[in-house]
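In this note's numbering, the protein residues as written are 436 to 737.
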């Protein structure tokens, strides 16, 4: 049998999971070299992000105690301790406040240099990718002054210029807002809010189609929840066909014994489908995670 063209082989490999790719590196030296190639790694990551494949959900419980749940089955779980994630890399902090990066798919890790900056007062972390320098950055903030403007806006931090920028919110009015939050949804900046409207609980979801352009905000979903008590409604990801959105319903302040849960919301029919996931705590914060082959520096530890 004639061998497949190398380009076709690479295209097939791009559709596989990270676990399978790590296994197939043993097939031949050429396959190993191809899978470790930086261009292939970026192509595989891009394919995973575009097709909503190789994804997991990170569920936070009690501070920095995390669980990992397979996105496709929403059943398999494992315990993690983590600060943040980006393109398959996790930023973690140990008990000695040392921060390190870990790719849980390839099992590679790298300890970051320590800093003498004190940690007294309010401290928060950010972790992301800078396409200009083609590198990943961990940001630690101990309180800051956001850019001043006369309008309602968000404070965004540019990883390339390392400067804060104002991002204007859409024009909307919320009657008795219970909660609102900012997430990333399908590569877009996403604003979600839970509020009261004519006695019912309504969840609105807005996405910014062009980052930084106020006029590009569009309302994706306005979900009337007459049978729900006030809650946190967090959009996590689109389905593979892009017709549904996975939500995490969190009962933060009005629990009455209710457990946090996942639901699929069909954007076209506006139907809601409950998702059963076992073996998880009753209260969670959820983030989306994508498996990848993204490497760390050459001194990465395994």
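We treat Cβ as the ideally placed atom computed from N, Cα and C, and that holds for glycine.
All values derive from a computational prediction rather than experimental measurement.
{"Check": "Assuming residue 473 is part of the alpha helix (DSSP H), what are its boundary residues?", "Outcome": "473-486"}
{"Check": "Where does residue 459 sit, in a helix, a strand or coil, going by DSSP?", "Outcome": "helix"}
{"Check": "Does residue 726 come out as helix, strand or coil in the three-state DSSP assignment?", "Outcome": "coil"}
{"Check": "Let me check one thing: in DSSP terms, what residues is residue 564 bridge-paired to?", "Outcome": "571"}
{"Check": "Between the C-alpha atoms of residue 620 and residue 673, what's the straight-line distance to the nearest angstrom?", "Outcome": "7 Å"}
{"Check": "Please tell me whether residue 702 and residue 675 are closer than 8 Å, where the distance is taken between their beta carbons.", "Outcome": "no"}
{"Check": "So, at 8 Å on beta carbons, what are the nonlocal neighbours of residue 483 in its own chain, with the 5 sequence-adjacent residues on each side left out?", "Outcome": "489, 490, 725, 726, 727"}
{"Check": "What does the alpha-carbon distance come out to for the pair residue 519 and residue 562?", "Outcome": "6 Å"}
{"Check": "Taking the alpha carbon of residue 729 as the point to measure from, which residue in 522, 631, 639 has its own alpha carbon closest?", "Outcome": "522"}
{"Check": "Terminal residues of the continuous alpha helix (DSSP H) containing residue 536?", "Outcome": "Segment 534-538 is the beta strand (DSSP E) holding residue 536; no alpha helix (DSSP H) there."}
{"Check": "On the criterion of 16 or more Cβ atoms from any shown chain inside 10 Å, does residue 548 qualify as buried, or is it exposed?", "Outcome": "exposed"}
{"Check": "Kindly indicate which residue of 694, 574, 723 has the alpha-carbon position closest to the one of residue 712.", "Outcome": "694"}
{"Check": "For residue 643, count neighbouring Cβ atoms within 10 angstroms of its own Cβ and tell me buried if that reaches 16, exposed if not.", "Outcome": "buried"}
{"Check": "Closer than 7 Å by C-beta to residue 618: which residues in its own chain qualify, once you throw out the five before and the five after it? Chain order, please.", "Outcome": "625, 627, 669, 670"}
{"Check": "With a threshold of 8 Å on Cβ separation, who are the neighbours of residue 656 within its own chain once the five nearest residues in sequence on each side are excluded?", "Outcome": "638, 639, 640, 670, 680, 700, 702"}
{"Check": "With DSSP as the reference, identify every bridge partner of residue 683, one or two as the case may be.", "Outcome": "669, 697"}
{"Check": "So, with DSSP's three-state summary, where would you put residue 600?", "Outcome": "strand"}
{"Check": "Using a threshold of 8 Å, state whether the C-beta atoms of residue 572 and residue 594 are closer than that.", "Outcome": "yes"}
{"Check": "Please go through the same chain and pick out, in chain order, the residues whose beta-carbon is closer than 6 Å to the beta-carbon of residue 420, but skip the five residues on each side of it.", "Outcome": "In the structure as shown, the chain begins at 436 and stops at 737. Residue 420 is therefore absent and cannot be evaluated."}
{"Check": "Tell me the residue span of the alpha helix (DSSP H) that contains residue 525.", "Outcome": "Counting along the chain, residue 525 falls outside any alpha helix (DSSP H), though it belongs to the beta strand (DSSP E) covering 524-528."}
{"Check": "Based on the DSSP output, what are the partners of residue 425 in its beta bridges?", "Outcome": "With the chain covering only 436 through 737, there is no way to say anything about residue 425."}
{"Check": "Of all the options 659, 450, 466, 459, which has the alpha carbon lying nearest to the alpha carbon of residue 485?", "Outcome": "450"}
{"Check": "Are the Cβ atoms of residue 614 and residue 602 separated by less than 8 Å?", "Outcome": "no"}
{"Check": "Taking its Cβ as the centre, do 16 or more other Cβ atoms sit within 10 Å of residue 558, making it buried, or is it exposed?", "Outcome": "exposed"}
{"Check": "Nearest to residue 441 by CA position, among 457, 453, 475, 526, is which residue?", "Outcome": "475"}
{"Check": "Leaving aside the five residues before and after residue 575 along the sequence, list all residues of the same chain whose C-beta is less than 6 Å from its C-beta, in chain order.", "Outcome": "560"}
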